[in-house]
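Numbered per my numbering, the sequence shown spans residues 47 to 247.
Where is the CB? At the ideal position from N, CA and C, for every residue including glycine.
Treat the numbers as computed from the prediction; the structure is a model and nothing was measured.
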Amino acid sequence: MASTRILSPTAAAAVGITHKSIYLFSKPPSPSSFPTFTVTHNRPITKLNVSSPPNETPITTSTSTSTSTTTTNKETVFFDGGAHYGDLLANLLLGFTLFWLPLTLAAVSRAFNLRYRFTNLRVTVISGWTGEDRSDFSYKVIKDVQVVPRFIGEWGDIIITLKDGTKVDLRSVPKFREIAKYCVSMAEQPVVFKETGPKGF
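Given below as structure tokens:
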């Protein structure tokens, strides 16, 4: 015969309290049961006043484009041409002799491969079969100018000496006196002008 265990009133009360405690703690806590924390920021608040005071007029920056007139010197040509044709004809006539043949070939080369250009800014000498050899110099570097008439004065040579000692020999130039005087007038400092007597071809 099975025996039934009879709990004492004290033990029964303890068991009931234990079950009640388990039931109370098993319930989820309500949100109001959590403590609330208040966070305060003590950073100072900075205010920026962008607008200008009412008594002052606002500053306006205006960019004004001033049109400056730059005067550029336009290059004008005083003379542009090659050696005088008389130099070629005279040397062709004398080229039948073997003694004059080298000079004739030099005259032919000057007629076809040499070109002079005098402008208000510079002197240009162009040479070569395709004109690839070119030398330019300004009137400011001219020290003296010398002319040598050829034949009866129809053409002549202009020898220009630069300030660094370089001599530029321009052979068989037409209107050589006018061109030489033009070079002297375009130079900044006084330039010595010399002319010798006629010397052959």
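Buried versus exposed, by CB contacts within 10 Å (16 or more), PRO104: The predicted model places PRO104 with a pLDDT of 49, which falls under 50 and marks its position as unreliable, so this point remains unresolved.
Coil, strand or helix - LYS186 by DSSP: helix
Bridge partners - LEU216, DSSP secondary structure assignment: ILE204
Three-pair Cβ contact test at 8 Å for the region 185 to 203 versus the region 227 to 234: yes
Proximity winner among SER181, VAL237, PRO236, relative to ASP215 (alpha-carbon distances): SER181
Among VAL194, PHE222, VAL237, nearest to ASP126 - alpha-carbon criterion: PHE222
Residues near THR242 in its chain [Cβ-Cβ closer than 6 Å; skip 5 each side]: VAL194
Own chain partners of ASN159 with C-beta closer than 7 Å, once the 5 adjacent residues on each side are dropped: SER173, GLY174, TRP175
Inter-stretch contact at 8 Å, needing at least 3 Cβ pairs: the region 192 to 209 / the region 124 to 143: yes
Buried versus exposed, by CB contacts within 10 Å (16 or more), ASN137: buried
Residues sharing a beta bridge with GLU241, DSSP: VAL193
Where THR150 falls: helix, strand or coil (DSSP): helix
In chain order, each beta strand (DSSP E) run of at least 3 residues that lies wholly inside the region 126 to 172: 160 to 165
Opposing strand residues paired with ASP179 [DSSP bridges]: SER173
Host alpha helix (DSSP H) of ALA226 (start-end): 222 to 232
Through-space distance from GLY141 to ASN119, alpha-carbon basis: 46 Å
Assigned secondary structure, GLN235 (DSSP; H/G/I helix, E/B strand, else coil): coil
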